[in-house]
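For reference, the structure is listed below as structure tokens.
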Amino acid sequence: MPHDTPLISTIVGGLVLAFIFGAIAHRLRMPPLVGYLIAGVLVGPHTPGYVADQSLAPELAEIGVILLMFGVGLHFSLKDLLSVRGIAVPGAIVQIAFATLLGWGLGAFMGWPTGGSLVFGLALSVASTVVLLKALQERRLVETERGRIAVGWLIVEDLAMVLALVLIPAAASISGEGHGPVEPLSAGLNRLLGLDLGVGGMIAMTLVKVVLFVALMLVFGRKLIPWTMHRIAHTGSRELFRLGVLAIALGVAFGAAKLFGVSLALGAFFAGMVLAESELSHRAAQESLPLRDAFAVLFFVSVGMLFDPNILIDKPLPILATIFIIVIGKSVAALLIVLAFKKPLGTALTISASLGQIGEFSFILAALGVELGLLPEEGRDLILAGAIISIVLNPLLFFLCDRLRPLLEGTKREEATAEPAPAADAAAAPEQLLAEDDDVHPTALNSHAILIGYGRVGKIVAQNLKSSGTPFLVIEDSDKRIGELKAQGIEAFMGNAVARQTLDLANLSTARSLAIAIPNAFEACRIAEQARSVNPSILIVARAHSDAEVDELKQYGADTVIMGEREIALGMVDRLAQVHHESVPYEDRHEPDTIIPTGTAPPEKE
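Per the working numbering, the sequence shown starts with residue 8, numbered consecutively.
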């Protein structure tokens with residue numbers, strides 16, 4: 008029997024076109040998200056042909072935001088959040104105020120009312136959660152100091168926008184510029200007890216609800232959520248575990264929004280953050296990754312659906328002014344703020360590039376402003392156009408920051424040579440050592456080993472190389488681990504080894520061996536391929552989790568691939584043989600986390 012299937016058609020149309028145009032964008036060496044946005048424009052109401060459901064697409068996109076923020080929370084502890092509060096809180100507040108002032112000035116110049124101009128400025132001040140996190144994840148910066156500052160900055164912006172979403176309707180009803188409902192709890196108290204709390208009461212009520220939610224998550228959620236996941240894990244059902252992860256992420260986010268008035272993204276972030284204290288956090292992140300990526304794509308498609316290309320012709324100058332505020336005004340403000348806090352130039356450039364775009368909260372504010380009669384529809388169209396173009400330009404902004412950094416650092420070094428630097432304290436903390444070493448120079452090692460990754464496997468390899476006297480260096484993307492390595496006197500470079508400029512720092516052409524200890528086979532293949540093209544004679548050793556990964560890594564240039572499961576199985580077979588075949592007694596010859604150096608004969612059993 009024929010029937011309408013708007014949900015299925017929206018998902019299928021969005022994902023299929025996003026895949027096609029994302030692949031084309033990748034082929035043209037552009038970010039895939041450009042293709043996702045074009046796919047959204049094609050299925051939107053402003054272009055001929057198929058039109059996706061306008062109400063379902065944003066809700067599907069919101070699921071992507073929830074899962075993405077939940078994943079970030081899994082890698083972001085409360086300690087990390089508190090460690091950046093000194094710069095994230097004042098920095099975000101100053102940047103929001105500056106961007107709002109610029110937006111208000113543009114709105115006033117165009118003849119809009121004060122309320123509408125302020126809404127317009129607020130919408131231009133808040134960065135997109137999805138775009139910022141995607142950019143940090145692609146560069147593997149989420150767990151670095153600059154990544155923690157960016158995420159903390161984002162959390163402060165989210166909290167500010169939650170407060171704005173409550174205050175805007177109240178201000179509209181009081182000022183008479185617009186129309187709209189007041190805060191629900193305040194309205195209920197007014198109706199039941201005859202108490203008129205006013206704007207101050209509404210602010211206090213909102214803050215109380217946010218504080219109550221955070222307190223519940225930190226006091227009860229930190230115990231209940233990990234306990235629940237441990238109970239599910241003990242059932243041995245992967246299906247139930249995956250379902251539990253999704254239920255916690257979506258359930259906490261939805262409950263936080265409905266009961267406490269905080270954003271869905273913020274609720275999901277705290278759910279992930281409290282689960283991060285459990286040893287199951289890594290597995291939870293893996294189980295939610297496929298859905299997270301799929302729904303994040305739908306977010307970009309939904310943004311593209313809102314874009315009317317005709318505005319580029321009808322309003323070119325206002326669009327240029329809007330883009331200037333988003334891309335230049337916000338970025339420069341963030342750059343100066345971070346530098347004012349004495350942070351390294353690389354951190355300041357990363358933060359400024361991350362915030363040079365707008366997204367989902369901007370759409371919510373624009374829709375609310377139009378609904379309340381504060382913001383003209385022209386303002387909403389400018390916000391949408393600014394979001395689309397700033398998202399497309401964001402990768403270019405990162406590229407320009409990467410290009411400008413050496414030039415600016417060169418000027419900084421010239422200024423530094425004018426004054427002698429004080430002697431460094433040998434007992435400085437790893438984080439301080441890392442922060443002070445902002446200038447990166449290629450290694451002077453020759454005939455050395457290169458180790459990619461300093462996780463559980465990488466640490467064992469590094470210990471063995473160090474104990475055997477083998478010259479080596481490490482490439483790692485976590486600033487905490489880089490600090491540990493430098494504190495031990497081990498040469499290390501921070502960055503993603505997939506990037507050619509990072510590998511060039513390791514002097515690949517003269518290296519004798521390359522050990523790829525990261526678990527991501529896709530990145531390992533790209534690293535092996537680049538290393539083989541630079542140094543055909545280098546020995547490349549990698550790790551894998553399946554026979555297919557072994558074959559793929561060898562195809563891309565790896566000489567030896569160690570599959571963990573196979574080595575575990577061989578160890579178990581060897582141990583069983585001691586009992587069932589009356590072989591020589593089994594003996595643990597090595598201390599934990601040690602490996603016999605290559606070329607050293609193993610001791611004979613007695």
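Ideal Cβ positions, reconstructed from N, Cα and C, are used throughout, including at glycine.
Can you say whether residue i is buried or exposed, counting buried as having 16 or more other CB atoms within 10 angstroms of its CB?
{"i": "S553", "result": "exposed"}
{"i": "S62", "result": "exposed"}
{"i": "A25", "result": "buried"}
{"i": "L375", "result": "buried"}
{"i": "E384", "result": "exposed"}
{"i": "L57", "result": "The question names Leu, but residue 57 in the sequence shown is Tyr. Counting Cβ neighbours within 10 Å, Y57 comes out exposed, since fewer than 16 surround it."}
{"i": "N453", "result": "exposed"}
{"i": "A68", "result": "buried"}
{"i": "F116", "result": "exposed"}
{"i": "R299", "result": "buried"}
{"i": "G123", "result": "buried"}
{"i": "M280", "result": "buried"}
{"i": "K337", "result": "buried"}
{"i": "A451", "result": "exposed"}
{"i": "A347", "result": "exposed"}
{"i": "S544", "result": "exposed"}
{"i": "D581", "result": "exposed"}
{"i": "F127", "result": "buried"}
{"i": "V23", "result": "exposed"}
{"i": "K349", "result": "exposed"}
{"i": "S397", "result": "buried"}
{"i": "P13", "result": "exposed"}
{"i": "P176", "result": "buried"}
{"i": "D60", "result": "buried"}
State yes or no: is the C-beta of residue i within less than 7 Å of the C-beta of residue j?
{"i": "A549", "j": "M570", "result": "no"}
{"i": "F248", "j": "A240", "result": "yes"}
{"i": "G460", "j": "L404", "result": "no"}
{"i": "L44", "j": "G311", "result": "yes"}
{"i": "R92", "j": "T354", "result": "no"}
{"i": "Q215", "j": "V269", "result": "Going by the sequence as given, residue 215 is Val instead of Gln. Not closer than 7 Å, so no."}
{"i": "G521", "j": "I547", "result": "What sits at residue 521 in the sequence shown is Leu, not Gly. Cβ distance < 7 Å, so L521 and I547 count as in contact."}
{"i": "L480", "j": "V468", "result": "no"}
{"i": "L400", "j": "V339", "result": "no"}
{"i": "A341", "j": "I358", "result": "yes"}
{"i": "A263", "j": "G251", "result": "no"}
{"i": "A328", "j": "L113", "result": "yes"}
{"i": "A95", "j": "L129", "result": "no"}
{"i": "S361", "j": "A64", "result": "no"}
{"i": "A99", "j": "V163", "result": "yes"}
{"i": "G465", "j": "A524", "result": "yes"}
{"i": "I73", "j": "A260", "result": "yes"}
{"i": "L80", "j": "F276", "result": "The identity of residue 80 in the sequence shown is Gly, whereas the question assumes Leu. Closer than 7 Å, so yes."}
{"i": "I344", "j": "V133", "result": "no"}
{"i": "L131", "j": "G118", "result": "no"}
Grab me the residues of residue i's own chain with a C-beta within less than 8 Å of its C-beta, minus the 5 sequence neighbours each way, in chain order.
{"i": "I27", "result": "G42, A46"}
Between which residues of its own chain and residue i is the CB-CB distance below 6 Å, once the five residues before and five after are set aside?
{"i": "V557", "result": "A551, V568, M570"}
{"i": "P39", "result": "G29, A32, H33"}
{"i": "H587", "result": "none"}
{"i": "F267", "result": "K216, F220"}
{"i": "V19", "result": "none"}
{"i": "L512", "result": "P449, F500"}
{"i": "A303", "result": "G71, L75, V137"}
{"i": "D566", "result": "L546, I547"}
{"i": "G258", "result": "none"}
Residues in the same chain with beta-carbon distance under 7 Å from residue i, minus the five sequence neighbours each way, listed in chain order, please.
{"i": "T517", "result": "N453, S454"}
Length-filtered (3 minimum) beta strand (DSSP E) runs lying within the segment 460 to 512: Taking only runs of at least 3 residues, the beta strand (DSSP E) segments lying wholly in the segment 460 to 512 are 479 to 483, 499 to 501.
Any 3 or more C-beta pairs closer than 8 Å across the segment 127 to 142 and the segment 359 to 367: For the pair of segments examined, the segment 127 to 142 was found to touch the segment 359 to 367: the number of CB pairs separated by less than 8 Å reaches three.
Stretch pair the segment 504 to 513 + the segment 525 to 536: three plus CB contacts closer than 8 Å: These segments touch.
Runs of alpha helix (DSSP H) wholly within the segment 219 to 306 (minimum 4 residues, chain order): 229 to 241, 245 to 262, 271 to 282, all fully within the segment 219 to 306.
Given 8 Å, three or more beta-carbon pairs between the segment 276 to 296 and the segment 229 to 236: Yes: the two stretches touch, three or more of their Cβ pairs being nearer than 8 Å.
The segment 48 to 57 touching the segment 315 to 322, judged by at least three CB pairs closer than 8 Å: The segment 48 to 57 makes contact with the segment 315 to 322, as at least three CB pairs between them are under 8 Å.
4 or more residues per run - each alpha helix (DSSP H) lying fully within the segment 111 to 152: Taking 4 residues as the shortest admissible run, the segment 111 to 152 contains the following complete alpha helix (DSSP H) segments, listed from N- to C-terminal end: 121 to 132, 136 to 145.
Those runs of the alpha helix (DSSP H) which lie wholly inside the segment 39 to 86 and span at least 4 residues: Complete alpha helix (DSSP H) runs here, min 4: 39 to 49, 63 to 81.
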